[in-house]
Amino acid sequence: MISLTNPHPLSLVLYKKRNFFSNRLYLKESYFRRREETYMKRLLGASGVILIVAGLTMLGSYSQVLTR
């Protein structure tokens, strides 16, 4: 670790650079994660709609069978 009382200029620059790169990586990761999350939500929403439609059709056919 660099001493805060008398930091070496080069180590400070390297430290800042490292922070900058890790920050960029983190931003990229969070961006991709956010995209993935929205994609998963869309998928879940679509599958939910399909499940509801399938359930309704099943209920309809079941009630038809019951009324016969």
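Under the working numbering, the first residue of the sequence shown carries the number 168, and numbering increases by one thereafter.
Positions of the beta carbon are idealized from the N, C-alpha and C atoms, including for glycine.
Keep in mind that this is a model prediction, so the values were computed, not measured.
Can you tell me the Cα-Cα spacing of residue i and residue j, whole angstroms?
| i | j | result |
| --- | --- | --- |
| Gly227 | Ile217 | 15 Å |
| Met168 | Phe188 | With a pLDDT of only 48 at Met168, under the threshold of 50, the placement of this residue in the model should not be trusted, and no figure is reported. |
| Lys183 | Asn190 | 10 Å |
| Gly207 | Arg200 | Per the sequence shown, the amino acid found at residue 207 is Met instead of Gly. Rounded to whole angstroms, Met207 to Arg200 spans 10 Å at the Cα level. |
Sequence ranges, beta strand (DSSP E) only - wholly within the stretch 184 to 223, length at least 3: none
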